[in-house]
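One structure is given below, encoded as structure tokens.
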Amino acid sequence: MKTVFKKFTTMISAAVMASGLALLGTSAASAAGYPLEKPREQDWTFSGPFGYYDKAQLQRGLKVYVEVCAACHSMNLLSYRNLGDLGYTDAQIKNFAAEYEVTDGPNDDGEMFERPAMPTDRFVGPYANDKEAAAANNGALPPDFTLLAKARAPERGFPTFIFDIFTMYAENGADYIYSLLTGYQDAPEGVDVGELYYNPYFAAGNALAMANPLSEDLVEFDDGTASTVEQQAKDITAFMMWAADPNLPQRKQRGFIVILFLVIFAGLLYFTKKKVWSDVAH
Amino acid sequence: MSGHSTYKPTTGLGKFMDERLPIVRLVHDSFVSFPVPRNLNNWYTFGGILMIMLVSQIITGIVIAMHYTPEATMAFDSVHLLRRDVSYGNTLQVWHAVGASMFFVAVYIHIFRGLYYGSYKAPREVLWILGVVIYLLMMATAFMGYVLPWGQMSYWGAQVITSFFSAIPLVGETVREYLLGGYAVGNATLNRFFSLHYLLPFMIAGIVILHVWTLHVTGQTNPTGVEVKSKQDVIPFTPYATVKDAFAMVVFMIIMCYFVFYMPDYLGHADNYIKADPLTTPAHIVPEWYFLPFYAVLRAVDFNIGIPFTDIVLIDSKLGGVLAMFGAIAVLFFVPWLDTSDVKSANYRPTYKIFFWIFAINAVFLGYLGSRPAEGIWIPLMKASTFWYFLHFIVIMPLLGWFEKPLPRPASITDAVLSKASSGGASQIDGAAAEPQSKG
Chain A
47 MKTVFKKFTT MISAAVMASG LALLGTSAAS AAGYPLEKPR EQDWTFSGPF
97 GYYDKAQLQR GLKVYVEVCA ACHSMNLLSY RNLGDLGYTD AQIKNFAAEY
147 EVTDGPNDDG EMFERPAMPT DRFVGPYAND KEAAAANNGA LPPDFTLLAK
197 ARAPERGFPT FIFDIFTMYA ENGADYIYSL LTGYQDAPEG VDVGELYYNP
247 YFAAGNALAM ANPLSEDLVE FDDGTASTVE QQAKDITAFM MWAADPNLPQ
297 RKQRGFIVIL FLVIFAGLLY FTKKKVWSDV AH
Chain B
19 MSGHSTYKPT TGLGKFMDER LPIVRLVHDS FVSFPVPRNL NNWYTFGGIL
69 MIMLVSQIIT GIVIAMHYTP EATMAFDSVH LLRRDVSYGN TLQVWHAVGA
119 SMFFVAVYIH IFRGLYYGSY KAPREVLWIL GVVIYLLMMA TAFMGYVLPW
169 GQMSYWGAQV ITSFFSAIPL VGETVREYLL GGYAVGNATL NRFFSLHYLL
219 PFMIAGIVIL HVWTLHVTGQ TNPTGVEVKS KQDVIPFTPY ATVKDAFAMV
269 VFMIIMCYFV FYMPDYLGHA DNYIKADPLT TPAHIVPEWY FLPFYAVLRA
319 VDFNIGIPFT DIVLIDSKLG GVLAMFGAIA VLFFVPWLDT SDVKSANYRP
369 TYKIFFWIFA INAVFLGYLG SRPAEGIWIP LMKASTFWYF LHFIVIMPLL
419 GWFEKPLPRP ASITDAVLSK ASSGGASQID GAAAEPQSKG
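Chains A and B, in that order, are what the protein sequence lines are. Going by this note's numbering, the final residue of the first sequence carries number 328, and the count climbs one at a time with no gaps. Going by this note's numbering, the final residue of the second sequence carries number 458, and the count climbs one at a time with no gaps.
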């Protein structure tokens, strides 16, 4: 048994050496050229120092998620109660949650039982576990959606990443998802992507396992917004951004107050310092 | 240096305590009456900033630990539930993560300030060495802290960094297994890293006390590099240094808050928003930005070192890389003796000044190279940049002391300050009291 483990460790070490230390440079090389196209930068309500979430947009995004994405993608860290952020009432959230079944228990008889989900329950995913999810999708596990808008951020490159500090650019993930969803196209001549779907905005190759999920009028928006592919992509992206960073508006408001306080405090200290040091040449 | 104590207890309790446990006297002598050179510039405020950062990291860390679950299947979720559901949890967690980065920003400025003004020279060798020990402990703490959120980069970063130890001949594998608590990174690794991550900051605090103690024995350096000679050269710590440090801390805090509240993810890696998956290797494993220069040094050695014209390999590329990387840090311990010049401040060392800035630019470039894949043009650049890093310490520093002709230095700090004041503050000190150094 021990030798088997040893061999396994050696294999892992070798893999780590190859990729991590990149002594062979193979796996690093495959990452270097993608995505083929940089994400297209969009206007988002949540960008900038006073960023906020547009509740109507999040509600449309939720609808896109439920009717399209939720067939394959889970949102494990989200609870139904979180939908209060989108402007839904407690009763609406209760009804929404009740449409899903969760396994609870064991009850007093020691049996597990099914019951309708409650607002305190986490979002019920489409599959029982990751293995089932991968098996149902030709081995490609559809990633969980909760943090995806933050987990996808292609390199900005030099010198853009320096300018980003001053432009407060933090919407890389959102731009990436929007660009990917609206970026499906026919593979160029001579490029064979096999079973995959060509998309130059994909971060890990020139094609991905997910087919183009959006199409014109696929989802009917309750507020009468025209259901174009761009609109759907934008709304689901905003929804995903909210899911990944629900405290974003509060964080930015808090930051504004904290920094305002610190700037005033610094000003007072500056003049105090000037006064204190006025009798010493330095 | 500190001279005799000027503390005079006035209250009954003060007198009672002073004869039994003179702790108020210690604080008074260390932070009120402690004499500091009058000409310290703002680069000298980073010691105080680092102190605040250490305290800030310990306090936020202790509170985060109340919400964190050090268990492989729950660690990732516990961090994100803290961010999502706990009041102020988001600010708290981001403050700690960004704080680690800002801690390193401050320590790098602090180290480069020391290199520029020759703060490591006699009698401050021990002060400098303690500083390097703190820096090493900070790196260990930061690395283990980065593993705790158990994201993809946490996990694979831990795989790569612990594999360094397996490069040690004979005992390497055993050392690595003890470090990991198994044959690969797993729950046991997470548990011991959590324990050590909680322990090391207090060890840092202990060394910081020694660091400050030695500082208070030798006194601070100053931009002229001329030692304090009279009472006119110094001013009491409070109120002068106190208010100056306070202002610098708040300005530093503003920059930190900009990242905490507006760009919380800028200094991190997106892959850490993906739960650790032992079966999926990220396309491109990179450490945190503050380790990147050393990561470039590690990967610069991609060749075996052996006896020429034979097949005998003495040091394979893996061990060579690890040795170079640790060597890049270890060389800092010897800086007080590698620098042979008697002149402390680079302001009076025209040649060293140029090489200092080349070194600084090279160090930043080395960091950029650390973020590049080890392929194509990047490999020779890594080699050249690494070569210069060592050349600076091992060849340039010792030789400059012999060949460089330093500028005349002022007779005293007061002289320098007054001549600067009289000439409008812009021009160089022209006091010709000191003889140029003649060595070699």
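Backbone N, C-alpha and C fix where the C-beta goes; we use that ideal spot for every residue, glycine too.
Residues near Ser96 (chain B) in its chain [Cβ-Cβ closer than 6 Å; skip 5 each side]: Here the set comprises Tyr86, Thr87.
Nearest-angstrom beta carbon gap, Ala137 (chain A) and Val148 (chain A) [assumed within contact, 8 Å]: No, Val148 (chain A) and Ala137 (chain A) are not in contact; Cβ-Cβ is about 19 Å, not under 8 Å.
Rounded straight-line distance, which links the Cα of His215 (chain B) to that of Leu188 (chain B): 28 Å
As assigned by DSSP and simplified to three states, the class of Gly132 (chain B): helix
With 16 other Cβ atoms within 10 Å as the buried cut-off, status of Asn128 (chain A): By the Cβ neighbour-count rule, Asn128 (chain A) is buried, with 16 or more other Cβ atoms within 10 Å of its own.
Neighbour flag for Gly301 (chain A) against chain B, beta carbons, 8 Å: yes
Interface residues of the region 279-310 of chain A facing chain B [CB-CB below 7 Å]: Pro292, Asn293, Arg297, Lys298, Arg300, Gly301, Val304, Ile305, Leu308, Val309
Closer than 8 Å to chain A by CB, Thr242 (chain B): Residue-level contact check: Thr242 (chain B) does not touch chain A, since none of the beta carbons of chain A fall below 8 Å from its beta carbon.
At least three beta-carbon pairs within less than 8 Å, the region 278-295 of chain B to the region 204-217 of chain A: yes
Tyr366 (chain B) in three-state terms, based on DSSP: helix
Opening and closing residue of the alpha helix (DSSP H) in which Asp210 (chain A) lies: 206-213
Short CB-CB distance (under 8 Å) between Trp323 (chain A) and chain B: yes
CA nearest to the CA of Ser403 (chain B), picked from B:Gly394, B:Asp329, B:Phe312: Nearest neighbour of Ser403 (chain B) by Cα position, chosen from B:Gly394, B:Asp329, B:Phe312, turns out to be B:Phe312.
Proximity test, Cβ basis, 8 Å: Ala439 (chain B) and chain A: The beta carbon of Ala439 (chain B) falls within 8 Å of a beta carbon belonging to chain A, placing the residue at that interface.
Reference Leu264 (chain A); option with closest CA among A:Ala179, A:Ala255, A:Gly107, A:Met256: A:Gly107
Exposed unless 16 or more other CB atoms sit within 10 angstroms - verdict on Asn184 (chain A): exposed
Minimum C-alpha distance to Asp281 (chain A) - residue among A:Lys177, A:Asp89, A:Glu235: A:Asp89
Any chain B beta carbon closer than 8 Å to Val326 (chain A): yes
Phe64 (chain B) to His128 (chain B) span [Cα, whole Å]: 6 Å
Glu266 (chain A) versus Thr91 (chain A) - alpha carbon distance: 22 Å
One or two residues paired with Glu147 (chain A) in a DSSP bridge: A:Pro162
Sufficient close CB pairs (3 or more, under 8 Å) joining the region 73-83 of chain B to the region 25-43 of chain B: no
DSSP state of Ser181 (chain B) mapped onto helix, strand, coil: Note: Ser181 (chain B) maps to helix in three-state DSSP.
8 Å Cβ cutoff, Lys262 (chain B) in contact with chain A: yes
Proximity test, Cβ basis, 8 Å: Pro95 (chain A) and chain B: Interface annotation, Pro95 (chain A): in contact with chain B, CB-CB separation under 8 Å.
Chain B contact for Arg198 (chain A) (CB, 8 Å cutoff): yes
Buried/exposed call for Pro55 (chain B), threshold 16 Cβ in 10 Å: buried
Inter-stretch contact (C-beta, 8 Å, three-pair minimum) for the region 138-151 of chain B and the region 162-177 of chain B: Judged by Cβ distances under 8 Å, the region 138-151 of chain B makes no contact with the region 162-177 of chain B, as fewer than three pairs qualify.
CB-CB length for Pro200 (chain A) against Lys321 (chain A), believed under 8 Å: That pair is no contact at about 51 Å.
Sequence-distant residues of its chain with Cβ nearer than 6 Å to Lys109 (chain A) (five each side left out): Val265
8 Å contact criterion, which Asn293 (chain A) and Leu82 (chain A) should meet: CB distance rounded: About 34 Å separates the two Cβ atoms, so there is no contact after all.
Coarse secondary structure for Pro326 (chain B), derived from DSSP in three states: coil
Where Gly219 (chain A) meets chain B, residues with beta-carbon distance less than 9 Å: Within chain B, the residues placing a beta-carbon under 9 Å from that of Gly219 (chain A) are Asp283, Ala288, Tyr291, ordered along the chain.
Residue-chain proximity (Leu82 (chain A), chain B), Cβ-Cβ < 8 Å: no
Euclidean distance between Cα positions of Asn240 (chain B) and Thr432 (chain B): 12 Å
Burial state of Gly229 (chain A), where buried means 16 or more other Cβ atoms lie within 10 Å: By the neighbour-count rule (16 or more Cβ atoms within 10 Å), Gly229 (chain A) is buried.
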